[in-house]
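Only one structure is covered here, and it is reproduced in the block below.
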Amino acid sequence: MDCRRLELTIVSANNLEQVRRLWGLKMNVHARVFIGGLPEKEKRTPTDTHGKRNPVWNHAASYTILESMLQNCNTNLDVHLYCTSKTGDIYIGQVNISLKELFDAAGSPPPADYYGCEKGSKVDLISAGRSTVLTLPVHVGCAKSQGALRISYSFGEKVTIDNMLIAESVASLMRLS
16 MDCRRLELTI
26 VSANNLEQVR
36 RLWGLKMNVH
46 ARVFIGGLPE
56 KEKRTPTDTH
66 GKRNPVWNHA
76 ASYTILESML
86 QNCNTNLDVH
96 LYCTSKTGDI
106 YIGQVNISLK
116 ELFDAAGSPP
126 PADYYGCEKG
136 SKVDLISAGR
146 STVLTLPVHV
156 GCAKSQGALR
166 ISYSFGEKVT
176 IDNMLIAESV
186 ASLMRLS
């Protein structure tokens, strides 16, 4: 079974929608990150208490990715943004992008009109050595963009795991990561 390491940094967001309109309350924003639709094992950034609508995290996370997840558009990286409040987190918006799209973009810069797997998912891409930096639109349902999220990521070399028991362990950890 072939795997790769995904090193992901949730860098920042900007121009997020103001979701705390009453009394001019400031926004304290955090991101929840998960792969493959498994929110029960999400990773979370610290809450930015200074950036308001333009939070900065520079929060790194690592994932083990099965090579098969990079071959089709069915497995997504999902980043949901929330404003922390005493009465519960307030949903701001989200970014969804397929791992295949990320992997393909990491190899070489796409043309200026690149649209990836999902129609209309145009991205601003900068390749910086081994890392790739993307600025992705933040969406609320079907609504137009509500700001942008900047991520940095790199994929490690493909590793083949010969022992089936180890491969199953890695696959189950991936489902839980």
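In this note's numbering, the protein residues as written are 16 to 192.
From the three backbone atoms N, C-alpha and C, an ideal C-beta is built for every residue, glycine too.
Quick caveat: nothing in here was measured; it's all calculated off a predicted structure.
| query | result |
| --- | --- |
| Count the other CB atoms, across all protein chains shown, that sit within 10 Å of the CB of Gly51; report buried if there are 16 or more and exposed otherwise. | buried |
| Quick check on this structure: which residue in Leu31, Asn87, Phe49 has the alpha carbon closest to the alpha carbon of Lys41? | Leu31 |
| Could you tell me the alpha carbon to alpha carbon distance between Pro54 and Val71, rounded to whole angstroms? | 22 Å |
| How should Asn73 be labelled, buried or exposed, when 16 other C-beta atoms within 10 angstroms of its C-beta is the threshold for buried? | exposed |
| Closer than 6 Å by C-beta to His65: which residues in its own chain qualify, once you throw out the five before and the five after it? Chain order, please. | none |
| Since Ala76 contacts Leu23 with CB under 8 Å, what's their CB separation in whole angstroms? | 5 Å |
| Please report the residue range of the beta strand (DSSP E) in which Pro54 lies. | Segment: none, Pro54 is in no beta strand (DSSP E) and carries neither H nor E. |
| Alpha carbon to alpha carbon, how far is Ala46 from Lys58? | 8 Å |
| Within this structure, are the beta carbons of Tyr168 and Leu117 separated by less than 8 Å? | yes |
| If you check the beta carbons only, do Leu37 and Val110 fall under 8 Å apart? | no |
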